[in-house]
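In what follows, a single structure is set out as structure tokens and then discussed.
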Amino acid sequence: MDDLARQLTTLCSAAFAALGLDSGHGAVRRSDRAGNGDFQCNGAMPAARSAGRPPRDLAEAVAAHVRTHAPPDLLASVEVAGPGFINLVPTHGALAGRAAAIAADPRAGAGLASQPLRVVIDYAGPNVAKPMHVGHLRSTIIGDSLKRMLRFAGHTVWGDAHFGDWGYQMGLLIVAVADEQPHLPYFDDAHQGPFPDTPPVTLADLERLYPVYSARGKSEEGLRERARRATRALQDGRPGHRALWRHFVAVSRTALEREFANLGVTFDFWKGESDADPLIAGMVADLEARGLLVDDAGARVVFVHDRMVPKKDGSEGPDVPPLLVVSSEGSAMYGTTDLATILDRVRSLAPDLMLYCVDQRQADHFEQVFRAADRAGYFARAGLEHIGFGTMNGKDGKPFKTREGGVLKLADLIDMVRERARTKLDEAGMAADLPQAERATIAHRVGIAALKFADLQNFRGTSYVFDLDRFLAFEGKTGPYLLYAAVRIRSILRKAAEAGHAAGPPVIAHEAERALVLALDGFSRALMAACDQRAPHIMAEHAYGLASAFSGFYAACPILPEPDAAVREGRLTLATATLAQLERALDLLGIDVPDRM
RNA sequence: GGCCCCGUAGCUCAACUGGAUAGAGCAUCCGCCUUCUAAGCGGACGGUUGCAGGUUCGAGCCCUGCCGGGGUCGCCA
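Counting from 28, one number per residue, gives the positions in the first sequence under our numbering.
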């Protein structure tokens, strides 16, 4: 069943069509201001010109048509206001009917996408040997939320972690281990295998070695050269390097999966950059054969610019720089693997859409890759989207650092949030009578909800300030507020079950009941808009609005103490429907609700 | 300098893609617990949407030019 806005859109569209005008003018939306009716249609004003009549007259004609053709008991009023706004107010009965439909709907009132697509989402992007830090958080939770929403909307969606397991950093690590343990068989040219099953390094070793060698590589040409050669040897398939590399990957992945589990995030694929490697030689040959690959300053590039523009030194340069495909060392670059990954996905999944949930700072890079893919005929530019987002900043407005100036590890951040949530819980005396294990679960969920909701409520494109005190301040527009709203409903439903209260058809009379049903009705549109715009904050906003509407209802309309059985039973249904939709909306944001708080 | 993003209440952010009197949360102030979890509810205060033009019935949103902030500009990813 359509939501109310769609039902009313159908009516208004028919009215415009009956007047010989484009039915598209019949779009109906929620009014953004109270006092102007619950819904409005603004189509009369733009339609007035083509109709050649005053907008106000046209609006009156549409309104009259709607009044006579609307199903009985749907609309309480249809009125024209201002220059030609049409304000529509549904009846209490219509809202009661809509509430009943949502309550009975396993999808909690959400519609499905009109055209199901096959979608790949590339997010998180963890790397071998590098612990995840706060920079990975946004990609992970935004990408995960998009995956959940698109899938719920009816699309076929694959989430790919896009594991950073290839390239120069692997060469650095191989050199690092070679320096520390030169006797290992991995470095013996004559040894072709087999190699030991036990990893020669722990995750701690990798995390210790990588930053040291990465820093040294920046200043020491000799080391850089060795690392490049090791990278090349790895990519060429030297057995010892490959075997050692497989240990790096396995050790890292085990640790990373544990961290993602803490965030409640999973992937359909852990495709590494290495998986694209086998395609690179053929791709390069193909690009070359078709004249797209050009020698430039010792490297080989694909030009993707539209035009030439002046540069600061007075010469001219392309408005978009070329994509570097083969380095002067003959190595694959990250643009190379990204391009090959597109080919890989096209061949294995045949998607309609590929979304890249990556830091906004890489916008130029993706523009290059996408244009190259388009020009090479691998995948149309329109199906490639960079879902960029801003950085998580400290209170000084700069990208978040620890007090010591270092990068904060994601695992430490999660520990910190969980600890703070636990402290808050203790201070507030919440859940005091519950067993330790459940209190730990609650603290974890509250902490993760605080973190995720604080992030997802912002439009992803902008940066935001990381302020744990604010996220975990359990007042206002926060994750804990949403959990609290859901938990209170659970509590009511538990008690209703104990008391043997049944639920019945919703009865809408109170203003707070109207507001709650209107909020419930907005779920479908929120889902569609959030999917279309790849914008989880629209769903976050809906969840908050729903929780807020319920809190108002909760305060104004007692449920269990209500003496009138029909009213109580109807309110119980509203509460049940609200809980189902709120839990669903939170699930779409990747947030789990505890049973009690 | 080229390309891209952002300037909205004291602070953090929205605004359904051009609609009416620009909305929330925090902070401040005033009311609500002998009623289902007060981490709550109701109310007040708070704005020349960076500035100046333009497009039209109508602009926070589109166009132009300034001002201010950020990102990025081939062999790391």
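Backbone N, C-alpha and C define an ideal beta-carbon position, used for all residues, glycine too.
Residue 239 counts as exposed, since fewer than 16 other beta carbons sit within 10 angstroms of its beta carbon. Membership of residue 69 in any alpha helix (DSSP H) is not indicated, and neither H nor E is assigned to it by DSSP. The alpha-carbon separation between residue 372 and residue 264 amounts to approximately 23 Å. At least 7 Å separates the beta-carbon of residue 513 from that of residue 573. For residue 558, same chain residues with a beta-carbon under 6 Å away, outside a window of 5 residues either side, are 176, 177 and 180 in chain order. Taken in chain order, the complete beta strand (DSSP E) segments of 3 residues or longer contained in the stretch 368-394 are 380-383. Distance from the CA of residue 43 to the CA of residue 107, rounded to the nearest whole angstrom, comes to 15 Å. DSSP lists 336 as the beta-bridge partner residues of residue 344. In the three-state reduction of the DSSP assignment, residue 436 falls in the strand class, which pools E and B. Its Cα nearest to that of residue 499, the residue 444 stands out among 95, 228, 599 and 444. The residues 311, 314, 327, 328, 329, 352 and 353, in chain order, have a CB closer than 8 Å to that of residue 320 in the same chain once the five nearest residues on each side in sequence are set aside.
In the three-state reduction of the DSSP assignment, residue 568 falls in the helix class, which pools H, G and I. In the DSSP assignment, residue 157 is bridged to 154. Taking every protein chain shown into account, the CB of residue 338 has fewer than 16 other CB atoms within 10 angstroms, so this residue is exposed. Restricting attention to 361, 77, 404 and 385, the CA atom closest to the CA of residue 370 is found in 404. In the structure shown, residue 585 falls within a coil segment according to DSSP collapsed to helix, strand and coil. Under a 10 Å Cβ-count criterion, residue 587 is classified as exposed, with fewer than 16 other Cβ atoms of the shown protein chains found around its own Cβ. The alpha helix (DSSP H) runs of length 4 or more contained entirely in the stretch 120-200 are, from start to end of the chain, 161-179. When secondary structure is reduced to three states using DSSP, residue 485 falls in the coil class, being assigned neither helix nor strand.
Note on geometry: alpha-carbon atoms of residue 228 and residue 254 lie some 18 Å from one another. Here residue 210 is exposed, its C-beta having fewer than 16 other C-beta atoms within 10 Å. Excluding residues up to 5 positions away in sequence, 218, 222, 223 and 267 lie with their Cβ nearer than 8 Å to the Cβ of residue 212 in the same chain.
For the pair of segments examined, the stretch 125-138 was found not to touch the stretch 91-111: the number of CB pairs separated by less than 8 Å stays below three. Bounds of the alpha helix (DSSP H) holding residue 289 are 266-290. For residue 550, the enclosing alpha helix (DSSP H) has its first and last residue at 550-559. Per DSSP, the continuous alpha helix (DSSP H) segment holding residue 90 begins and ends at 82-96. The beta carbon of residue 619 is closer than 8 Å to those of 291, 472, 475, 476 and 613 in its chain, skipping five residues each way along the sequence. Going by beta carbons, residue 71 and residue 111 fall inside the 7 Å limit. Here residue 304 really is in contact with residue 262; their C-beta atoms are around 6 Å apart, less than 8 Å.
The beta carbon of residue 529 sits closer than 7 Å to those of 596, all from its chain and outside the five residues before and after it, given in chain order. Straight through space, the alpha carbons of residue 568 and residue 616 are spaced by roughly 11 Å. Note on residue 34: 16 or more other CB atoms within 10 angstroms of its CB, so buried under the neighbour-count rule. Residue 104 has 116 as its beta-bridge partners, per DSSP. By the 16-neighbour rule on beta-carbons within 10 angstroms, residue 125 is buried. When only Cα atoms are considered, residue 492 and residue 183 end up about 34 Å apart. A distance of 7 Å or more separates the beta carbons of residue 51 and residue 39.
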